[in-house]
Amino acid sequence: MTKTIKWEKDFDRVLTLARAENKMVLLDFFNPL
Amino acid sequence: MGAVTYPNEKVVDFIERHMVPIQVLFDSQPLATRFNIQWTPTVITLDEEGKEHHRTVGFLSPEEFIPSLMLGVAKCHFDREKFDKAISILEDILKKHPKSDAAPEAVYVRGVSLYKSTHKADPLKEAYKRLQAEYPSSEWTKRAQPYGLL
């Protein structure tokens, strides 16, 4: 089974996860068109 | 990015191990205004407080994207004066991705990190010499030129 990136959607939750997991945040702004 | 780089297995693995990823639409508020988004793709490396440390605009292949992310993480540590951690990642970039576009900046930031942690000028001069030898046409070689006079 192919692995994919598990994108978060909530910015505050991301910061909480980053603190808990001692990781940096990758913030991607995209255009679906 | 969505068609080529993000599905790449090595990219998925790197992000899973080292980053918390969030993807939002280019006009998603308040983030688009907060980070002054003018074009896509824009990829920003933030620390856990939401402070920006590194940004790229435009497509990056998997071979360029991973060292760019590594550089972003290293710059998070550098900006917070965690020079040992920054140097370790920067050396990893130079070992694993010496041909990448992130490599010349890695040489530069490594030199500055060593200078800031030792207060000796030699690493700056060595960084310039290395840039001149290995990345002669890089903008980082031009930026380091004064260090050649030390």
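Protein sequence lines correspond, in order, to chains A and B.
Here our numbering is used: the first residue of the first sequence is 10, the next is one more, and so on.
Here our numbering is used: the first residue of the second sequence is 2, the next is one more, and so on.
Glycine included, every Cβ here is placed at the ideal spot set by N, Cα and C.
It should be emphasised that the depicted structure is a prediction, and the values quoted were computed from it without experimental measurement.
Our two residues, Leu-125(B) and Leu-132(B), have alpha carbons roughly 11 Å apart in a direct line. With contacts defined as CB atoms closer than 8 Å, Asp-19(A) and Pro-22(B) fail to qualify as a contacting pair.
Gln-146(B) carries a helical assignment under DSSP once its states are collapsed to helix, strand and coil. Counting the other Cβ atoms within 10 Å of the Cβ of Ser-138(B) gives fewer than 16, which makes it exposed. Pairing Ala-33(B) with Leu-150(B), the inter-Cα distance amounts to about 43 Å. DSSP places Met-71(B) in the helix class (H, G or I) of the three-state scheme. With respect to the C-alpha of Lys-52(B), the residue from Glu-140(B), Gly-59(B) and Arg-81(B) having the closest C-alpha is Arg-81(B). Thr-43(B) reaches chain A at Leu-36, Asp-37, Phe-38 and Phe-39, counting residues in chain order whose Cβ is nearer than 9 Å.
Per DSSP, the continuous alpha helix (DSSP H) segment holding Gln-133(B) begins and ends at 123-135. Those residues of the stretch 11-41 of chain B placed with their C-beta closer than 8 Å to a C-beta in chain A are Val-12, Val-13, Asp-14, Ile-16, Glu-17, His-19, Met-20, Val-21, Pro-22, Ile-23, Gln-24, Val-25, Leu-26, Phe-27, Ser-29, Leu-32, Ala-33, Phe-36, Ile-38 and Thr-41, ordered along the chain. Under DSSP, Phe-39(A) takes part in a beta bridge, and its partners are Leu-26(B). Note on geometry: alpha-carbon atoms of Leu-95(B) and Trp-141(B) lie some 14 Å from one another.
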